[in-house]
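*Asks:* Handing you this structure, nothing more for now.
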Amino acid sequence: MKSHKETILSVLESGIANIQKNEQKINDLNVFPVPDGDTGSNMTGTLVNAWNNINENSETDIEILNDFAKGALLGARGNSGVISSQLIKGLAEGVKKVGKFSTSVSDLKKILKSVCEYGYKAVSNPVEGTILSVAKAMEEEFKGKELDFVESIQKLRDIAKKAVNNTPNQLKVLKEAGVVDSGAYGVLMFLEGVLRAAIGKPLTIQAKEPTAHIKKTSKKTNLKADPNKNIGYCTEFILTLKQPSKFPHNRFKTLLKKIGDSLVMIQEEDILKVHVHVKEPGEIFNIAQKYGEFTKIKADNMALQAEEAGHTVTLSGVTKYQPKNPKNDLINDRLAIIAVSDGIGLDKEFSDLGVDTVISGGQSFNPSVNDFISEINNLNYRNILLLPNNGNIILTVEAVKNNIDDKNIYILPTKTIQEGIFALYNINKENMVDFKKHQVELKAKINKLKEVSITKSIKDTKQNDLDIKKDNFIAITEKKIVFAEENLLTILEKVFNKYIDKKIEVVTIFYNDEISKLDIKKMQKTIFKKFKDVEFELSYGGQDIYHILLFME
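Take a look at the structure:
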């Protein structure tokens, strides 16, 4: 006969194992017909980390669940992982109040109330028809006569199943997509696994790390600026243009690209703002002065900057990180930035724009709380900005902020890669050290950004009054599919016709490995030429899933 500790451990492991077993099925419960579902992977990664955090010397229910809850928080991946970690925290706190895990009606009601409260507190704007609705249903509907352990779990499973099946009635997008909520279904799978253990048929975890993340997490990189580009000058200036209407914006930008890199150039009426890395800043200044008067000039030696920040630039072109300041003497006069990226080309873009650490992650693989904390600890800076660049990572970075005490952690809740890159065009790391003062203004700018992501549908579906066929190209913006077409060029042209107006000057496009050289030539010859007043900047991003990521400014 199993001891009480063995029973608790068996119940937890069997619940996790059943989520792991159904990981892909949970992933596939996706609102969009896009292969970016990650709820199953995130829940698996979060709970496996929770399981691995249980100390073998922990004996009581409270000790075991405290270990489990801490591991869930640090391993939390994506919104579903963070919410799951808080449900587990609620479970641990509820059991603490009761004294031990108990299935008496009065005790279990207290535990379920704690679970529900912690879950809802994890989200600033709770939405029904989600994982939270299952927690609420279990709290509200578990009542009646006293039951034994197996009967209690069966009843909770039945309540959860009913709540899961009701999620499409609570959330319109689920009904349109013909699916139930994936997070809610994950909770049901956990309870099914717990029930297996309760009746003596437990499941075991097949791998101590979630299978879907083994290769993905190995992609995580800590990128510093390209060392070959660090030997030069970070040049910035603001120019008041003499004749704004006649200023050759595109020609000037092309010229700067030829003699420099990491270029950011913004014109606002008669004001021109430029950031560029060059070997000889004097050449840039001489050219710019022909068009107006300088109101600001700065040229910083990047080799010296790198050494001050702890990077030694060697003649072989290798940048080595050597922290010069101990943790109690952090750098205070500059903002450090950590950004999430999804592709080799995008990694480089973020690095060129001044990001100190790039963490690989994206639609189908989200970094954990611990991934961020580890990178924050590696940075010798007091003030650090986090750019999640994915709506499913925002709760993760919020959890990170709540668990860092010795540094100032700021969050700009960028929901897409496009928002992250655009945000960096507007961030000055030296002048925005107290980033809180600039958050409202930057959020407002980002909210006005026009952006579109294009990929292929993986199934027939109907959304937003569009009949979408499998393998159609679909254009997504603001969580809505706006176009569906068989041909890539057709959908691109529709996007540009709809969103390019007189205010748009530049369209930035990042493509992935699915886009051929022929596709690019066709874009340039047949589409870009139709918009003569717009400059198109086309770069390789290498991102997963989405063929094209674009934004307009």
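Residues 1 to 553, numbered by the numbering used here, are exactly what the sequence shown covers, in order. A virtual CB, placed ideally from N, CA and C, is assigned to each residue, including glycine.
1) Quick one: Cα of ASN228 to Cα of VAL482, how far?
2) Whose CA, out of LEU346, GLY361, GLY354, lies closest to the CA of GLN418?
3) Please classify THR416 as buried or exposed, where buried requires at least 16 neighbouring CB atoms within 10 angstroms.
4) In terms of residues, what are the limits of the alpha helix (DSSP H) holding GLN243?
5) Return the chain-ordered list of same chain residues with a C-beta closer than 6 Å to the C-beta of PHE528, the five sequence neighbours on each side being excluded.
6) For ASP300, write down the residues that DSSP places opposite it in a beta bridge.
7) Quick check on this structure: which residue in ASN472, LYS479, LEU395, PRO413 has the alpha carbon closest to the alpha carbon of GLU486?
8) Residue range of the alpha helix (DSSP H) that LYS521 falls in?
9) Taking only three categories from DSSP, how would you classify SER80?
10) Along the chain, which unbroken stretches of the beta strand (DSSP E) at least 3 residues long are found entirely within the region 254-284?
11) Under DSSP, the beta strand (DSSP E) around THR526 begins and ends at which residues?
12) For the alpha helix (DSSP H) holding ILE417, just list the boundary residues, first then last.
13) From LEU379, VAL164, ASN332, pick the residue whose C-alpha is nearest to that of GLY178; which is it?
14) Quick check on GLN20: buried or exposed, where buried means 16 or more other Cβ atoms within 10 Å of its Cβ?
15) Would you kindly check if the distance between the Cβ of GLY75 and the Cβ of ASN49 is under 7 Å?
16) Spatial neighbours of ASP405 within its chain, please: CB distance less than 6 Å, with the 5 preceding and 5 following residues excluded, ordered by chain position.
17) By Cβ distance below 7 Å, which residues in the same chain neighbour VAL194 in space, the five residues on each side in sequence not counted?
18) Please return the same chain residues whose Cβ sits closer than 7 Å to the Cβ of TYR120, not counting the five positions on each side in sequence.
19) What separation, rounded to the nearest whole angstrom, lies between the Cα atoms of ASN403 and TYR546?
20) To test your reading of the DSSP string, which unbroken beta strand (DSSP E) runs of 3 or more residues are found completely within the region 128-171?
21) Starting from VAL187, trace the alpha helix (DSSP H) both ways and give me its first and last residue.
22) Counting along the chain, where does the beta strand (DSSP E) carrying SER567 start and finish?
23) Can you give the beta carbon distance from TYR410 to LEU330, rounded, assuming they're within the 8 Å contact cut?
24) Taking ASN383 as part of the alpha helix (DSSP H), name the residues at either end of that continuous run.
25) What's the C-alpha gap between GLU192 and SER41?
26) Take THR46 as the anchor and find which of ASP371, LEU385, ALA197 has the nearest alpha-carbon.
27) What first and last residue would you give for the beta strand (DSSP E) that runs through ALA336?
28) For LYS25, report the span of its alpha helix (DSSP H) as first-last.
29) Taking a contact to mean a Cβ-Cβ separation below 7 Å, would you say LYS110 touches VAL98 in this structure?
30) Just the C-alpha distance for VAL82 and THR235, rounded to the nearest angstrom, thanks.
31) Buried or exposed: which applies to GLU349, given that a residue is buried once 16 or more other Cβ atoms fall within 10 Å of its Cβ?
32) Mark PRO248 as exposed unless 16 or more other C-beta atoms lie within 10 angstroms of its C-beta, in which case mark it buried.
33) Comparing the C-beta of ASP465 with each C-beta of chain D, is any distance below 7 Å?
34) Pull up the distance between the alpha-carbon of ASP67 and that of ASN53, whole angstroms please.
35) Kindly indicate the opening and closing residues of the beta strand (DSSP E) around THR357.
*Replies:* A quick look at the data gives this:
1) Any reading at ASN228 must be qualified, since the residue scores a pLDDT of 39, below 50, and its modelled position is unreliable; the value itself is stated next. The straight-line gap from Cα to Cα measures roughly 42 Å.
2) LEU346
3) buried
4) That residue, GLN243, is in no alpha helix (DSSP H); it is neither H nor E in DSSP.
5) PHE536
6) For ASP300, which the question treats as bridged, DSSP gives the partners CYS234.
7) Comparing Cα-Cα distances from GLU486 to each of ASN472, LYS479, LEU395, PRO413, the minimum goes to ASN472.
8) Per DSSP, LYS521 belongs to the alpha helix (DSSP H) from 517-522.
9) Reduced to three states, the DSSP call for SER80 is helix.
10) 261-268, 271-278
11) From DSSP, THR526 is part of no beta strand (DSSP E); its letter is neither H nor E.
12) Looking at the DSSP string, the run of the alpha helix (DSSP H) that includes ILE417 is 417-425.
13) Minimum Cα distance to GLY178 is reached at VAL164.
14) Burial call: buried.
15) yes
16) Around ASP405: no qualifying Cβ.
17) VAL11, SER14, GLY15, ILE153
18) For TYR120, where only same-chain residues beyond five positions count, the Cβ hits under 7 Å are PRO126, LEU132.
19) 33 Å
20) none
21) 182-198
22) A question about residue 567 goes unanswered here, because the residues of the chain that appear run from 1 up to 553.
23) Contact doesn't hold; Cβ gap of about 15 Å is too wide.
24) From DSSP, ASN383 is part of no alpha helix (DSSP H) but of the beta strand (DSSP E) over 381-387.
25) 18 Å
26) ASP371
27) 331-341
28) Unbroken alpha helix (DSSP H) run through LYS25: 23-27.
29) yes
30) Near 41 Å, if we compare the C-alpha coordinates of THR235 and VAL82.
31) buried
32) exposed
33) Absent from the structure is chain D; it holds one protein chain and no more.
34) 6 Å
35) Counting along the chain, the beta strand (DSSP E) containing THR357 begins and ends at 357-360.
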